[in-house]
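>
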Amino acid sequence: MKLIKQTGIIVFLIGLSIFTASIFTGSFSLTQSELDTFIQEKGYKSEVIKVELTKAIVTEEYLNIFEFSSNVRNAFEESNKHYDALIAKYSAEKNWSEKGEQYQYKISGKPHSLSFTLAKKAGKGFATENTGLLWFLTFGFGIIGALMYIVPDVILLGKPGIKNNGIFLNAATNRGWIGWFSFLFLVSFYILLYFYPDFIVNWVYLVDPISISISGNPASQWFLYGFLYCTVMTVMAMRMYIKYRHNKYQILRTTSVLFFQIVFAFLIPEILVRFEKPWYDFKNAFPLDYDFFFKWNLEELLSSGGFGLFILVWGIVLTVVVVPVMVYFFGKRWYCSWVCGCGGLAETLGDPYRQLSSKTLLSWRFERIIIHAVLIFVLVMTGFALYTFFYGADQVLGIKIQTIQDIYGFLIGSIFAGVIGTGFYPIFGNRVWCRFGCPLAAYLGFVQRFKSRFRITTNGGQCISCGNCSTYCEQGIDVRAYAQKGENIVRSSCVGCGICSAVCPRGVLKLENGPEDGRINPTEILLGNNVDLMDLINKK
Amino acid sequence: MGETVAQTICGNKIEYKPGHWFNSAKFIDIEYQTYGWVWAQTRENEARFYWEHIDGTKCIHLNYDKNIREFIGINNFGIRMRHEFFDRILNEKRTVDYVLEHLADANFDPEFYKLHEQEIVAKFNSENGTNIQLKKKSWKRIFSKSL
Numbered sequence: 005m006k007l008i009k010q011t012g013i014i015v016f017l018i019g020l021s022i023f024t025a026s027i028f029t030g031s032f033s034l035t036q037s038e039l040d041t042f043i044q045e046k047g048y049k050s051e052v053i054k055v056e057l058t059k060a061i062v063t064e065e066y067l068n069i070f071e072f073s074s075n076v077r078n079a080f081e082e083s084n085k086h087y088d089a090l091i092a093k094y095s096a097e098k099n100w101s102e103k104g105e106q107y108q109y110k111i112s113g114k115p116h117s118l119s120f121t122l123a124k125k126a127g128k129g130f131a132t133e134n135t136g137l138l139w140f141l142t143f144g145f146g147i148i149g150a151l152m153y154i155v156p157d158v159i160l161l162g163k164p165g166i167k168n169n170g171i172f173l174n175a176a177t178n179r180g181w182i183g184w185f186s187f188l189f190l191v192s193f194y195i196l197l198y199f200y201p202d203f204i205v206n207w208v209y210l211v212d213p214i215s216i217s218i219s220g221n222p223a224s225q226w227f228l229y230g231f232l233y234c235t236v237m238t239v240m241a242m243r244m245y246i247k248y249r250h251n252k253y254q255i256l257r258t259t260s261v262l263f264f265q266i267v268f269a270f271l272i273p274e275i276l277v278r279f280e281k282p283w284y285d286f287k288n289a290f291p292l293d294y295d296f297f298f299k300w301n302l303e304e305l306l307s308s309g310g311f312g313l314f315i316l317v318w319g320i321v322l323t324v325v326v327v328p329v330m331v332y333f334f335g336k337r338w339y340c341s342w343v344c345g346c347g348g349l350a351e352t353l354g355d356p357y358r359q360l361s362s363k364t365l366l367s368w369r370f371e372r373i374i375i376h377a378v379l380i381f382v383l384v385m386t387g388f389a390l391y392t393f394f395y396g397a398d399q400v401l402g403i404k405i406q407t408i409q410d411i412y413g414f415l416i417g418s419i420f421a422g423v424i425g426t427g428f429y430p431i432f433g434n435r436v437w438c439r440f441g442c443p444l445a446a447y448l449g450f451v452q453r454f455k456s457r458f459r460i461t462t463n464g465g466q467c468i469s470c471g472n473c474s475t476y477c478e479q480g481i482d483v484r485a486y487a488q489k490g491e492n493i494v495r496s497s498c499v500g501c502g503i504c505s506a507v508c509p510r511g512v513l514k515l516e517n518g519p520e521d522g523r524i525n526p527t528e529i530l531l532g533n534n535v536d537l538m539d540l541i542n543k544k
Numbered sequence: 070m071g072e073t074v075a076q077t078i079c080g081n082k083i084e085y086k087p088g089h090w091f092n093s094a095k096f097i098d099i100e101y102q103t104y105g106w107v108w109a110q111t112r113e114n115e116a117r118f119y120w121e122h123i124d125g126t127k128c129i130h131l132n133y134d135k136n137i138r139e140f141i142g143i144n145n146f147g148i149r150m151r152h153e154f155f156d157r158i159l160n161e162k163r164t165v166d167y168v169l170e171h172l173a174d175a176n177f178d179p180e181f182y183k184l185h186e187q188e189i190v191a192k193f194n195s196e197n198g199t200n201i202q203l204k205k206k207s208w209k210r211i212f213s214k215s216l
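Heads up: the sequence lines are chains L and S, in that order. For what it's worth, our numbering labels the leading residue of the first sequence as 5, then goes sequentially. For what it's worth, our numbering labels the leading residue of the second sequence as 70, then goes sequentially.
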């Protein structure tokens, strides 16, 4: 058994190394006619871009992706610089009509995204010619190796039950060197994905065949991300099933979250695209789906017929009706632990890292400030966006709405939710985004704290203060403090993962939906002796 | 639990009044809880009821007065039970029949766990010739005394 595990690690690492190394393979170039077709399809009006791009990438030389990218970005820069110079010239001459003429020749877009689009067409080499084989050597090895490491635990861990033995002594789970390597790898992956997609175009080739079979289109970096996400979640869900096989709640919850991710966040949106409908994840609620009310999205939905209108109405109903009603009956957990994709990855990939969440009071204070700040940010931004949409403006109070959207998309959508949110799993715990950043979590939390039937009941006096509950709480809630006092846990950050209840050795915690009356009960304490504690305290 | 000692140390001598006995433990992977008294040797006035699940990881052991049917205690392995429920039972000196009737209220297992109350009540009925009907779990009853 142990041998299978060790072999599994080696197979996994081989897969991961080939995956990483594949970035450096392949050569990128276009023929003149391919380039001409590209420019025509894109409708670039610039007279300079064709010359520049020809210089950059129509070549017999072997350009690797970095050289290709650099050449391409240069070409676009040169083209735009040429017209910027003309704009400045006409500006100085006060030749406004000529100046106005120049803007149509400028090419907008992030340099690395422009480069990605070209690179996707220009790739040659192992990744493009042996996609299937390379997929097997990377994804295949990764999946098989990981499963070889995970599955033997069914036998090695012994009888079903909670077995967190040695978790703080293992370099992978105690912020040891393996944790730090994982951290670096994850952070780098997200930075490449969001900001340097052209560098990882070889990875995108790997999933082209899959994308084409579902939506009919070649893959983008986001399809790669979605596919990776589903793969990682599925493999780690196997680990969850084995670890918590005695706990029906965890098994059902893991299945639910896996289902919603694979079907709602991956398959359905791609199939919608196949039917020429907008790409849409039906479970992604505003304000987590922060660009739902952006102009480009509203315009796309309104121009997509009845179905587009349906999505618009559903998106609003989901946020305004479904969310609070479900939270009233079941608490935040119905979304955060049973439906949400971020939550899904956190509960599967992030399961080994729950104990790393900070339990300090300072973290709690910081959490309340920052998560509500993000909520205010997204609400204000959305308000501005809707104002500019309806009144045809492009700025509010002197600030361009595009700028606000860009800042939010960069800081919160990319850095906070992506790079920090997942990258920080091995060091700061598995719910950094959920706890500190997600505006939807803040909204759900309000409803859960003030108008919900959900609570975690503590079983009278049975708590022995072992602290397992607090240790494994991924949201950094000091569950033990409530359990010791026999007080119900009603916290806006509680995502109802149920792990505290699972790891409790004395059966003290139970996630329940009960009558609202008396849900918050800090003074009801059933102790080991018939002392009326409040009476005592008040006497003094 | 050390309130009485703490008060005494601080100069406010109060009577030590432990409530109804309860305890819990964990034996490797099986959780144990006890509420009330379940002596090792059955006493003169006591009758016992034992139910074990077929997989050998769950059981309950009821102790009650054979004459007046008063519930005295319960040992449960592998099934979590609600402390407040049994505390109230012992306060109100309820019968073992009442306990079995309301066994669904006593359960503290996480959601979606398999429930065994029907089986337990059925066994008790068949062993003792009684006809106890298991009542559906009621939030109203569960929370009525802790408000």
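Glycine residues also receive a C-beta, built at the ideal position from the N, C-alpha and C atoms. Nothing here was measured: the structure is a model prediction, and the numbers come from that model.
#1: In angstroms, rounded to a whole number, what distance separates the CA positions of N132/S and D98/S?
#2: Within 8 Å, do at least three Cβ pairs link the stretch 399 to 416 of chain L to the stretch 175 to 184 of chain L?
#3: Output yes if chain L places a C-beta closer than 8 Å to the C-beta of S195/S; else output no.
#4: Does any residue of chain L bring its CB to less than 8 Å from the CB of W93/S?
#5: Please look up how many angstroms separate the CB atoms of V261/L and W342/L, rounded, as I've assumed it's under 8 Å.
#6: Closer than 8 Å is the cut-off here; do at least three beta carbon pairs connect the stretch 279 to 293 of chain L with the stretch 431 to 439 of chain L?
#7: Using a 10 Å radius around the Cβ and a threshold of 16 neighbouring Cβ atoms, would you call Y160/S buried or exposed?
#8: Please say whether P179/S and G502/L have beta carbons closer to each other than 8 Å?
#9: Compute the Euclidean distance between the alpha carbons of L7/L and I159/L, then round it to the nearest angstrom.
#10: Could you tell me whether the stretch 475 to 490 of chain L touches the stretch 410 to 428 of chain L, using the rule of 3 or more Cβ pairs below 8 Å?
#11: Could you pull the start and end residues of the beta strand (DSSP E) that K125/L belongs to?
#12: Would R523/L and V494/L qualify as a contact pair, given that the criterion is a beta-carbon distance under 8 Å?
#13: For the candidate residues W338/L, I468/L, Q409/L and T258/L, whose alpha-carbon lies nearest to that of A516/L?
#14: Does W120/S come out as helix, strand or coil in the three-state DSSP assignment?
#15: For chain L, find out if any of its Cβ atoms is closer than 8 Å to the Cβ of D174/S; answer yes or no.
#16: Around the C-beta of D514/L, are 16 or more other C-beta atoms found within 10 angstroms, so that it is buried, or is it exposed?
#17: Count the other CB atoms within 10 Å of the CB of I373/L; is the residue buried (16 or more) or exposed (fewer)?
#18: Using the beta-carbon of each residue, which ones in chain L are nearer than 8 Å to D124/S?
#19: For R149/S, which residues in chain L fall below 7 Å Cβ to Cβ?
#20: Closer than 6 Å by C-beta to V208/L: which residues in its own chain qualify, once you throw out the five before and the five after it? Chain order, please.
#21: Where do the N-terminal and C-terminal ends of the alpha helix (DSSP H) with N206/L fall, by residue?
#22: Are the C-beta of E170/S and some C-beta of chain L separated by less than 8 Å?
#23: Spatial neighbours of A269/L within its chain, please: CB distance less than 6 Å, with the 5 preceding and 5 following residues excluded, ordered by chain position.
#24: Does the count of Cβ pairs from the stretch 234 to 248 of chain L and the stretch 142 to 159 of chain L closer than 8 Å reach three?
#25: For K49/L, write down the residues that DSSP places opposite it in a beta bridge.
#26: Should K204/S and A173/S be called a contact, given that it needs their Cβ atoms to be closer than 8 Å?
#27: Return the residue from the list E38/L, Q36/L, S215/L and K98/L that minimises the CA-CA distance to L276/L.
#28: In the DSSP output, what is G105/S paired with across the bridge?
#29: Rounded to whole angstroms, what is the Cα-Cα separation between C470/L and F187/L?
#30: Does the separation of the CB atoms of F120/L and D202/L fall below 8 Å?
#31: Three-state secondary structure (DSSP) at I99/S?
#32: How many whole angstroms separate the CB atoms of S31/L and L67/L, which I take to be in contact at a CB cut-off of 8 Å?
#33: Under 7 Å Cβ to Cβ from K455/L, same chain only, skipping five residues before and after it: list those, please.
#34: Tell me where the beta strand (DSSP E) around G292/L begins and ends.
#35: Could you tell me which of L141/L, A89/L and R243/L sits nearest to K9/L, measuring between CA atoms?
#36: Just to confirm the assignment, what range does the beta strand (DSSP E) spanning Y133/S have?
Walking through what the data contain:
#1: The count along the second sequence starts at 1 and reaches residue 132/S at position 63. The count along the second sequence starts at 1 and reaches residue 98/S at position 29. Rounded to whole angstroms, N132/S and D98/S show a C-alpha spacing of 25 Å.
#2: no
#3: As a position in the second sequence, residue 195/S is number 126, starting the count at 1. For S195/S, the answer is no, since every Cβ of chain L falls outside 8 Å of its Cβ.
#4: Within the second sequence, residue 93/S is the residue found at index 24, counting from 1. The amino acid occupying residue 93/S in the given sequence is Ser; Trp does not appear at that position. Closer than 8 Å to some Cβ of chain L, the Cβ of S93/S qualifies, so yes.
#5: In the first sequence, the residue the question calls residue 261/L occupies position 257. In the first sequence, the residue the question calls residue 342/L occupies position 338. Yes, V261/L and W342/L are in contact; Cβ-Cβ is about 6 Å, under 8 Å.
#6: no
#7: Within the second sequence, numbered from 1, the residue matching residue 160/S stands at position 91. Contrary to the premise, residue 160/S reads as Asn rather than Tyr in this sequence. N160/S counts as exposed, since fewer than 16 other C-beta atoms from the protein chains shown sit within 10 angstroms of its C-beta.
#8: Here the question's residue 502/L lines up with position 498 in the first sequence. Here the question's residue 179/S lines up with position 110 in the second sequence. Yes, Cβ-Cβ distance for G502/L and P179/S is below 8 Å.
#9: Translated into positions along the first sequence, residue 7/L becomes position 3. Translated into positions along the first sequence, residue 159/L becomes position 155. In a straight line, the C-alpha of L7/L is about 13 Å away from that of I159/L.
#10: no
#11: By one-based count along the first sequence, residue 125/L stands at place 121. Counting along the chain, K125/L falls outside any beta strand (DSSP E), though it belongs to the alpha helix (DSSP H) covering P115 to A126.
#12: Here the question's residue 523/L lines up with position 519 in the first sequence. Here the question's residue 494/L lines up with position 490 in the first sequence. Yes, Cβ-Cβ distance for R523/L and V494/L is below 8 Å.
#13: Position 512 of the first sequence, counted from the start, is the residue given in the question as residue 516/L. The displayed chain sequence assigns Glu, not Ala, to residue 516/L. Closest option to E516/L, Cα to Cα, is W338/L.
#14: Walking along the second sequence from the start, residue 120/S turns up at place 51. It is a strand residue.
#15: Counted from its first residue, the second sequence places residue 174/S at position 105. No, because no Cβ of chain L sits closer than 8 Å to the Cβ of D174/S.
#16: Translated into the one-based positions of the first sequence, residue 514/L becomes position 510. The displayed chain sequence assigns Lys, not Asp, to residue 514/L. The residue is buried, with at least 16 neighbouring Cβ atoms inside 10 Å.
#17: Within the first sequence, the letter at position 369 stands for residue 373/L. Answer is exposed; the Cβ neighbour count stays below 16.
#18: Position 55 of the second sequence holds residue 124/S. Residues of chain L passing the Cβ test: none, with the nearest at roughly 11 Å.
#19: Translated into the one-based positions of the second sequence, residue 149/S becomes position 80. Residues of chain L passing the Cβ test: G511.
#20: On the first sequence, residue 208/L is found 204 positions in, with the first residue counted as 1. Cβ neighbours of V208/L within its own chain (closer than 6 Å, five residues either side excluded): A223, Q225 and L228.
#21: As a working note, residue 206/L is residue 202 in the first sequence. That run of the alpha helix (DSSP H) goes V205 to L210.
#22: To locate residue 170/S, count along the second sequence from 1; it is residue 101. Not closer than 8 Å to any Cβ of chain L, the Cβ of E170/S fails to qualify, so no.
#23: Taking the first residue of the first sequence as position 1, residue 269/L is located at position 265. Answer for A269/L: D285 and G345, listed in chain order.
#24: Three or more Cβ pairs drawn from the stretch 234 to 248 of chain L and the stretch 142 to 159 of chain L lie within less than 8 Å of each other, which places the two stretches in contact.
#25: For this step, residue 49/L is matched to residue 45 along the first sequence. None, per the DSSP bridge assignment.
#26: If you number the second sequence from 1, residue 204/S lands on position 135. If you number the second sequence from 1, residue 173/S lands on position 104. The answer is yes: Cβ separation under 8 Å.
#27: Reading the first sequence from its first residue, position 272 is the one you call residue 276/L. By alpha-carbon distance to L276/L, the top candidate from E38/L, Q36/L, S215/L and K98/L is S215/L.
#28: Translated into the one-based positions of the second sequence, residue 105/S becomes position 36. G105/S pairs with G142/S.
#29: Against the first sequence, residue 470/L aligns to sequence position 466. Against the first sequence, residue 187/L aligns to sequence position 183. Near 30 Å, if we compare the C-alpha coordinates of F187/L and C470/L.
#30: As a first step, residue 120/L is located in the first sequence; it is residue number 116 there, counting from the start. As a first step, residue 202/L is located in the first sequence; it is residue number 198 there, counting from the start. Going by C-beta atoms, F120/L is nearer than 8 Å to D202/L.
#31: Indexing the second sequence from 1 puts residue 99/S at position 30. Three-state DSSP puts I99/S in a strand.
#32: As a working mapping, residue 31/L is identified with position 27 in the first sequence. As a working mapping, residue 67/L is identified with position 63 in the first sequence. Right, the Cβ-Cβ distance comes to about 6 Å (below 8 Å), so this counts as a contact.
#33: In the first sequence, the residue the question calls residue 455/L occupies position 451. Excluding residues within five positions, the ones whose Cβ falls inside 7 Å are Y332.
#34: For the purposes of this step, residue 292/L is taken as the residue at position 288 of the first sequence. It is Leu, not Gly, that sits at residue 292/L in the sequence shown. Premise fails: L292/L is in no beta strand (DSSP E) and is neither H nor E.
#35: Your numbering for residue 9/L matches position 5 in the first sequence. That would be R243/L, whose Cα lies nearest to the Cα of K9/L.
#36: Your numbering for residue 133/S matches position 64 in the second sequence. C128 to D134 is the extent of the beta strand (DSSP E) around Y133/S.
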